[in-house]
Amino acid sequence: MENKTHENEEQFVEVKTREINSNFYNCFVAILCFSWSVFQLYIAYFPLNTNIARSAHLAFAISLVFLLYPVTFHKKAHTSLPFYDLILCVVGTLAVLYPAIEFYSLAERPGDYLQRDVIIAFIAVIVLIEAGRRVIGPALGIISILFLLYDYFGRYMPDIIAHQGASFEKLAGHMFLTTEGIFGVPIGVSVSFIYLFVLFGSLLERAGAGQYFINLAFSLLGKFRGGPAKASVIASGLTGMVSGSSTANVVTVGTFTIPLMKKAGLSRTKAGAIEVAAGVNGQLMPPIMGAAAFIIAEFLGMTYTNVMMAAVIPAFACYISLFFIVHLESCKLGLKGIEQSEYHSRLKIFLSGIHYITPILVLLYTLLIAKESAISAAFNAIGFLFLIMIFQEPVKKLAQGEKISKDDVLVGFSDIFWAMVSAAKSMTTIAVATGLAGIIVGSISLTGLGQVLSEIVEQVAGNNIILILLLTAVMSLVLGMGLPTTANYIVVSSLVAPVILLLAYKNGFLVPAIAAHMFVFYFGILADDTPPVGIAAYAAAGIAKANPVIVGLQGFFYDLRTAILPFAFFFNNKLMLIESVNPDDPLDAKGIVWMSNPFEILLVFAMTVIGMFAFSSVLQGYFVTKVRIWERVLLVSVVPLMLVPNICAKYSVVPNEYAAYAIGFGIYMFVFATQWMKNKREKSLATA
Numbered sequence: 037m038e039n040k041t042h043e044n045e046e047q048f049v050e051v052k053t054r055e056i057n058s059n060f061y062n063c064f065v066a067i068l069c070f071s072w073s074v075f076q077l078y079i080a081y082f083p084l085n086t087n088i089a090r091s092a093h094l095a096f097a098i099s100l101v102f103l104l105y106p107v108t109f110h111k112k113a114h115t116s117l118p119f120y121d122l123i124l125c126v127v128g129t130l131a132v133l134y135p136a137i138e139f140y141s142l143a144e145r146p147g148d149y150l151q152r153d154v155i156i157a158f159i160a161v162i163v164l165i166e167a168g169r170r171v172i173g174p175a176l177g178i179i180s181i182l183f184l185l186y187d188y189f190g191r192y193m194p195d196i197i198a199h200q201g202a203s204f205e206k207l208a209g210h211m212f213l214t215t216e217g218i219f220g221v222p223i224g225v226s227v228s229f230i231y232l233f234v235l236f237g238s239l240l241e242r243a244g245a246g247q248y249f250i251n252l253a254f255s256l257l258g259k260f261r262g263g264p265a266k267a268s269v270i271a272s273g274l275t276g277m278v279s280g281s282s283t284a285n286v287v288t289v290g291t292f293t294i295p296l297m298k299k300a301g302l303s304r305t306k307a308g309a310i311e312v313a314a315g316v317n318g319q320l321m322p323p324i325m326g327a328a329a330f331i332i333a334e335f336l337g338m339t340y341t342n343v344m345m346a347a348v349i350p351a352f353a354c355y356i357s358l359f360f361i362v363h364l365e366s367c368k369l370g371l372k373g374i375e376q377s378e379y380h381s382r383l384k385i386f387l388s389g390i391h392y393i394t395p396i397l398v399l400l401y402t403l404l405i406a407k408e409s410a411i412s413a414a415f416n417a418i419g420f421l422f423l424i425m426i427f428q429e430p431v432k433k434l435a436q437g438e439k440i441s442k443d444d445v446l447v448g449f450s451d452i453f454w455a456m457v458s459a460a461k462s463m464t465t466i467a468v469a470t471g472l473a474g475i476i477v478g479s480i481s482l483t484g485l486g487q488v489l490s491e492i493v494e495q496v497a498g499n500n501i502i503l504i505l506l507l508t509a510v511m512s513l514v515l516g517m518g519l520p521t522t523a524n525y526i527v528v529s530s531l532v533a534p535v536i537l538l539l540a541y542k543n544g545f546l547v548p549a550i551a552a553h554m555f556v557f558y559f560g561i562l563a564d565d566t567p568p569v570g571i572a573a574y575a576a577a578g579i580a581k582a583n584p585v586i587v588g589l590q591g592f593f594y595d596l597r598t599a600i601l602p603f604a605f606f607f608n609n610k611l612m613l614i615e616s617v618n619p620d621d622p623l624d625a626k627g628i629v630w631m632s633n634p635f636e637i638l639l640v641f642a643m644t645v646i647g648m649f650a651f652s653s654v655l656q657g658y659f660v661t662k663v664r665i666w667e668r669v670l671l672v673s674v675v676p677l678m679l680v681p682n683i684c685a686k687y688s689v690v691p692n693e694y695a696a697y698a699i700g701f702g703i704y705m706f707v708f709a710t711q712w713m714k715n716k717r718e719k720s721l722a723t724a
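Now the structure itself:
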């Protein structure tokens with residue numbers, strides 16, 4: 037009996053010890069995450085030396101990767117830390133911090149690297165590749181290794197891509213001890229811009245803005261035909277304005293909307309696919325687009341505000357046309373709305389969360405009117421959001437006539453803490469991905485590979501700019517199966533964007549650099565719903581309980597309207613609100629003349645939407661009613677007239693752009709009239 041009691045006591049002590057260890061581990065991780073967020077806010081207000089800030093940023097990410105992610109990719113996260121991960125965590129963090137620790141010493145001997153510099157650089161690269169394998173899979177790490185091998189063994193490569201090769205010392209210095217490689221532009225953007233905007237989105241979500249946007253969308257649209265699906269599109273668009281992540285969009289909004297879409301009559305596949313298409317397009321929606329959008333601004337030396345301006349018409353045209361597709365699907369399936377007992381007061385719902393809109397307005401005011409930097413805009417919006425989170429619960433209690441307790445005040449601080457923790461966890465993937473992508477960018481600058489690739493592509497495709505764009509689109513979609521959007525954009529834009537611009541110039545098209553970079557950005561995002569490895573499609577399929585490959589295929593079919601837009605704005609820069617570019621130097625961001633005539637902007641936007649509607653009807657085979665073959669042919673002709681009227685005018689299809697708009701609009705309205713009359717006759721026969 038005594039032995040049994042003793043055993044029970046030992047088991048009790050063992051369980052309690054595990055709980056204590058687990059609690060200590062979780063607290064340590066949370067404090068580390070919170071510290072990273074505090075550090076980022078500090079350097080946003082008190083700028084730190086570039087090298088030191090980037091080194092510390094990546095060190096936080098590396099330490100969190102080995103604390104949070106196990107050896108086996110996609111397995112359950114750690115709840116306690118194995119000894120080997122503890123070693124990797126400490127060694128990796130110290131190695132990545134080396135450029136910051138030895139900053140002054142390295143500055144005194146530029147280019148004169150010691151043996152320890154090379155050894156630590158080698159350790160840091162190995163640790164970074166392993167960290168990348170854990171959080172984003174092996175693809176980007178393998179690509180980075182191939183580029184490093186190419187850098188070192190360049191003299192043994194085939195003549196067409198051969199170069200003199202780089203020694204270990206030169207490679208270590210270029211990739212790790214300067215701002216050309218790992219600590220280059222990609223991670224610099226992660227430090228200065230991306231973290232703050234991820235933190236802003238995390239704070240908004242924790243404050244309750246995500247659920248507010250969903251409720252608002254359903255209160256406005258839920259009762260209409262196919263209401264849940266339409267509300268899903270609007271909710272994803274609103275969430276996408278602040279999240280900048282397609283998968284986060286799908287999970288946040290889809291958890292609520294997909295079951296309701298199924299309840300309204302949509303199949304599992306279509307419910308998941310609509311949410312995928314809506315969620316993926318969220319990365320295109322200003323003011324907070326995908327992380328790659330900030331890197332576009334940095335690569336091209338333009339303000340983030342200009343990138344936002346270029347994205348406005350394509351982003352809104354995407355969402356409006358997806359809304360139209362959902363309407364067509366609802367009409368084909370005869371769907372109805374939902375009972376709205378919980379969404380009865382639209383005004384009440386709107387007012388209940390209007391304070392969530394104010395930080396976004398602060399952000400837009402700082403960017404567009406005050407014309408301050410994106411860092412200042414994000415910092416100001418975060419500060420305003422802090423105040424909202426602290427006071428929203430006490431104010432709510434006062435409005436209800438209740439007394440304010442200490443807990444009501446503390447809940448705001450608690451929410452801020454956990455939002456900052458969540459932001460840090462989200463940033464580990466981005467920081468590691470941008471660090472690895474820096475190896476690829478560094479390799480291109482070290483070896484001159486970009487020029488070599490230009491010559492190879494020119495030999496393969498000649499001067500066929502359409503073929504180059506198609507190859508680039510395919511390359512982005514294929515790489516997107518293994519790379520996150522940001523890394524995908526960096527790899528493809530670094531290799532192909534200069535080639536695209538060169539060939540466009542040779543073909544007589546004066547294309548601004550941002551058009552080529554946005555082209556790559558769009559197809560990198562579309563990779564998130566492209567089978568067989570569309571991350572957003574897997575997320576939506578899990579919620580819908582459907583086959584992820586089929587959901588991805590259906591989602592990509594819906595997103596084909598998004599796929600034609602990059603081709604359109606590449607040739608018709610007015611879709612990006614660009615009036616003209618400097619003919620002497622089209623790559624100069626300062627040489628862009630932005631459209632300022634509001635009537636012309638409105639015309640371009642309206643015609644773009646009609647062109648997208650026509651394309652959507654062609655794909656769906658439905659307009660007012662089922663589309664006949666000759667009507668589909670006419671609708672196909674509307675698309676180029678509306679999206680690329682300048683090209684139609686250039687090749688004498690029409691006299692000028694305005695004639696293209698007029699003819700396209702006339703054809704569209706003619707098809708609408710014939711469809712409307714056909715639908716009226718069918719209804720008359722059905723009731724006769």
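The sequence shown lines up with residues 37 to 724 when you count with our numbering. Where a beta carbon is used, it is the ideal one built from N, C-alpha and C, also for glycine.
Proximal residues to residue i (C-beta, below 7 angstroms), its chain only, five neighbours per side dropped
i      : result
Leu232 : Gln76, Ala80, Ile411, Ala414, Phe415 and Ile418
Phe649 : Ser357 and Phe360
Whole-number beta carbon distance between residue j and residue i, since they are thought to touch under 8 angstroms
i      : j      : result
Tyr248 : Gly437 : At roughly 23 angstroms, the Cβ-Cβ gap does not stay under 8 angstroms, so Tyr248 and Gly437 are not in contact.
Leu164 : Gly471 : 6 angstroms
Val234 : Ile396 : Going by Cβ atoms, the distance from Val234 to Ile396 rounds to 15 angstroms, so no, they are not a contact pair.
Phe422 : Thr394 : Going by Cβ atoms, the distance from Phe422 to Thr394 rounds to 13 angstroms, so no, they are not a contact pair.
Ala563 : Val312 : The pair is not a contact, with the Cβ atoms about 12 angstroms apart (cut-off 8 angstroms).
Phe603 : Met612 : Actually they do not touch by this definition, with Cβ atoms about 13 angstroms apart.
Ile476 : Ile179 : 7 angstroms
Gln590 : Thr305 : 5 angstroms
Terminal residues of the beta strand (DSSP E) in which residue i lies
i      : result
Ser616 : Ile614 to Ser616
Residue i and residue j closer than 7 angstroms at C-beta
i      : j      : result
Met643 : Met678 : yes
Gly474 : Ile162 : no
Val528 : Val556 : yes
Val289 : Ala271 : yes
Thr750 : Pro264 : Here the chain covers residues 37 to 724 and nothing more, so residue 750 does not appear.
Ser73  : Ala327 : no
Gly262 : Leu371 : yes
Val680 : Gly700 : no
Leu257 : Lys266 : yes
Residues near residue i in its chain [Cβ-Cβ closer than 6 angstroms; skip 5 each side]
i      : result
Asn715 : Val660 and Thr661
Gly168 : Leu176, Gly177, Val468 and Leu472
Ala157 : Ala208 and Phe212
Tyr574 : Pro584
Ser226 : Ile466, Ala467 and Thr470
Tyr541 : none
Gly276 : Asn285, Gly318 and Met321
Element boundaries [alpha helix (DSSP H), containing residue i]
i      : result
Tyr392 : It is not in any alpha helix (DSSP H) - Tyr392 carries neither H nor E in the DSSP assignment.
Asn524 : Thr521 to Lys542
Thr465 : Lys442 to Thr483
Thr86  : Thr86 to Leu104
Met345 : Tyr340 to Leu369
Pro602 : Leu596 to Phe607
Phe260 : Element bounds for Phe260: n/a, residue is neither H nor E.
Met211 : Phe204 to Phe212
Ala563 : Run containing Ala563: none; DSSP gives neither H nor E here.
Ser512 : Ile501 to Leu515
Local conformation of residue i per DSSP, three classes
i      : result
Tyr658 : strand
Val680 : coil
Met690 : Before going on, a small fix: residue 690 reads as Val here, not Met. Looking at Val690 - three-state DSSP - the assignment turns out to be coil, as it is neither helix nor strand.
Val629 : strand
Phe705 : Reading off the sequence, residue 705 comes out as Met, not Phe. Reduced to three states, the DSSP call for Met705 is helix.
Ser377 : Note on Ser377: pLDDT 49, under 50, position unreliable in the model; the coordinate value appears next. Ser377 falls in the helix class under three-state DSSP.
Val278 : helix
Lys439 : coil
Lys407 : coil
Gln200 : coil
Pro83  : coil
Asp195 : helix
Spatial neighbours of residue i in its chain, beta-carbon cut-off 8 angstroms, leaving aside the 5 residues before and after
i      : result
Gly273 : Ala314, Asn317, Gly318, Met321 and Tyr355
Val127 : Ile159 and Val163
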